[in-house]
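Peer 1:
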Amino acid sequence: MAVNIEAFKRISGEAGARGSRLAAVSKTKPVEDILALYGEGQRIFAENYVQELIGKQPGLPDDIQWHFIGHLQRNKVKYLAPFISMIQTVDSLPLLEEINKQAARHNRVIDCLLEVHIAREATKSGLAQRDAQALAERITRDPAAFPHVRLCGLMGMASFTDDLALVRSEFRKLKELCSRIQPFFGGDAGVFRELSMGMSADYSLALEEGSTLIRVGSLLFGSRN
Ligand SMILES: *Cc1c(COP(=O)(O)O)cnc(C)c1O
């Protein structure tokens, strides 16, 4: 087991000092590793694969807040709906409609983030900025249509590069977009405020740029195969 408790304390401390939260990315890692961080007080864990998550979740404590951060197909939403705390990767209206429908069956409200494409690489998923804004507008025009989802903010992945200025500018773009969308939600400070950005390689930069939720895996659990 390669869980790095020192790194966990340092990173969660840095996040907390900035009023941000840490989502521990546990994909490909065994439940023992998750329990090791749980024992240190960590409660938010993030996974990328539906099958893997629904395999692990039943054997782990009920007060874990599970975040989904992988690409989500509509036909898999039903497996997450009973327990998922936040879906960070909403990239279409039909997906949001399906989340609303499945959450209703369990009498739940599921927190959601819109995933926005901010990286230079064409391969990274997510909505174009203008499409994210249009989707947010569309939803706020008819809030009664989505009683079982709460749109909380944006998620993004920066370019995979050593060019820190580029990464910083991408985080800034995401924050600016979030600020542009907030007024559609009434501009209330407590609404549409989550900015999920920052991974092992760039979480410090993300915290400097206003991240409210960092997603860190390999620094905590060791590298993945
Ligand atoms: C795997 C993953 C992470 C964590 O990456 P690390 O570099 O291991 O910290 C964060 N966000 C997303 C969307 C991921 O897929």
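Each residue of the sequence shown is one higher than the last, beginning at 35 in this note's numbering. Virtual Cβ for every residue (Gly too), placed ideally from N, Cα, C. This one's a predicted model, so the numbers in the text were calculated from it and none came from an experiment.
When we look at the beta-carbon of residue 162 and count the other beta-carbons within 10 Å, is it buried (16 or more) or exposed?
Peer 2: On the sequence shown, position 128 is the one that residue 162 refers to. By the neighbour-count criterion, in which 16 or more other beta carbons inside 10 Å mark a residue as buried, residue 162 falls on the exposed side.
Peer 1: Inspect the beta-carbon positions of residue 74 and residue 42 and report whether they are closer than 8 Å.
Peer 2: In the sequence shown, counting from the first residue as 1, residue 74 sits at position 40. In the sequence shown, counting from the first residue as 1, residue 42 sits at position 8. Cβ atoms of residue 74 and residue 42: closer than 8 Å.
Peer 1: Pull up the DSSP beta-bridge partners for residue 144, would you.
Peer 2: Counted from its first residue, the sequence shown places residue 144 at position 110. For residue 144, which the question treats as bridged, DSSP gives the partners 183.
Peer 1: In this structure, does DSSP put residue 74 in helix, strand or coil?
Peer 2: Residue numbering aside, residue 74 sits at position 40 when the sequence shown is read from its first letter. Three-state DSSP puts residue 74 in coil, outside helix and strand.
Peer 1: Looking at ligand 3, does it come within less than 7 Å of residue 252, judged from the CB to the closest heavy atom?
Peer 2: Of the ligands one can find in the structure shown, namely ligand 1, none is ligand 3.
Peer 1: Can you tell me whether residue 89 is helix, strand or coil according to DSSP?
Peer 2: The count along the sequence shown starts at 1 and reaches residue 89 at position 55. Residue state, collapsed to three classes: helix.
Peer 1: Quick one: is residue 85 buried, meaning 16 or more other Cβ sit within 10 Å of its Cβ, or exposed?
Peer 2: If you number the sequence shown from 1, residue 85 lands on position 51. Per the 10 Å Cβ criterion, exposed.
Peer 1: Would you say residue 111 and residue 81 are within 8 Å of each other, going by their C-beta atoms?
Peer 2: Against the sequence shown, residue 111 aligns to sequence position 77. Against the sequence shown, residue 81 aligns to sequence position 47. No; because the gap between Cβ atoms is not below 8 Å, this pair is not in contact.
Peer 1: Unbroken beta strand (DSSP E) runs of length 3 or more, entirely within the region 38-63: which are they?
Peer 2: 55-59
Peer 1: Specify, as a first and last residue, the run of the alpha helix (DSSP H) that residue 123 falls within.
Peer 2: Taking the sequence shown and counting its residues from 1, the one referred to as residue 123 is at position 89. In the DSSP annotation of this structure, residue 123 is not part of any alpha helix (DSSP H); the continuous beta strand (DSSP E) holding it starts and ends at 120-124.
Peer 1: State yes or no: is the C-beta of residue 170 within less than 8 Å of the C-beta of residue 148?
Peer 2: Taking the sequence shown and counting its residues from 1, the one referred to as residue 170 is at position 136. Taking the sequence shown and counting its residues from 1, the one referred to as residue 148 is at position 114. Cβ atoms of residue 170 and residue 148: closer than 8 Å.
Peer 1: First and last residue of the alpha helix (DSSP H) that includes residue 216?
Peer 2: Mapped onto the sequence shown, residue 216 falls at position 182. Residue 216 -> no alpha helix (DSSP H), and no H or E assigned at all.
Peer 1: Below 8 Å, can you find three or more Cβ-Cβ pairs linking the region 233-243 to the region 200-210?
Peer 2: Verdict: yes, contact present.
Peer 1: For residue 154, which residues of its own chain have a beta-carbon under 6 Å away from its beta-carbon, when the five flanking residues on both sides are left out?
Peer 2: Mapped onto the sequence shown, residue 154 falls at position 120. Cβ within range, chain order: 193.
Peer 1: Buried or exposed: where does residue 76 fall if 16 or more other Cβ atoms within 10 Å of its Cβ makes it buried?
Peer 2: Translated into the one-based positions of the sequence shown, residue 76 becomes position 42. Answer is buried; the Cβ neighbour count reaches 16.
Peer 1: Express the C-alpha separation of residue 63 and residue 166 in angstroms, rounding to a whole number.
Peer 2: The count along the sequence shown starts at 1 and reaches residue 166 at position 132. The count along the sequence shown starts at 1 and reaches residue 63 at position 29. Going by the C-alpha atoms only, they are around 32 Å apart.
Peer 1: Cβ atoms of residue 127 and residue 146: under 8 Å apart, would you say?
Peer 2: Taking the first residue of the sequence shown as 1, we reach residue 146 at position 112. Taking the first residue of the sequence shown as 1, we reach residue 127 at position 93. Contact flag unset, no.
Peer 1: On the CB-based measure, 16 or more other CB atoms within 10 Å of its CB, does residue 224 come out buried or exposed?
Peer 2: Here residue 224 is taken as the residue at index 190 of the sequence shown, counted from 1. Answer is exposed; the Cβ neighbour count stays below 16.
Peer 1: Here's the rule: buried if 16 or more other CB atoms are within 10 angstroms of the residue's CB, otherwise exposed. What is residue 160?
Peer 2: Along the sequence shown, read from residue 1 onward, the residue named residue 160 stands at position 126. Flag for residue 160 reads buried.
Peer 1: Can you give the beta carbon distance from residue 95 to residue 113, rounded, assuming they're within the 8 Å contact cut?
Peer 2: Along the sequence shown, one-based indexing puts residue 95 at 61. Along the sequence shown, one-based indexing puts residue 113 at 79. Incorrect: roughly 19 Å between the Cβ atoms, too far for contact.
Peer 1: Cutting at 7 Å between CB atoms, please list the residues of its own chain near residue 97, excluding the five before and the five after it.
Peer 2: The residue you call residue 97 lines up with position 63 of the sequence shown. Result list for residue 97: 77, in chain order.
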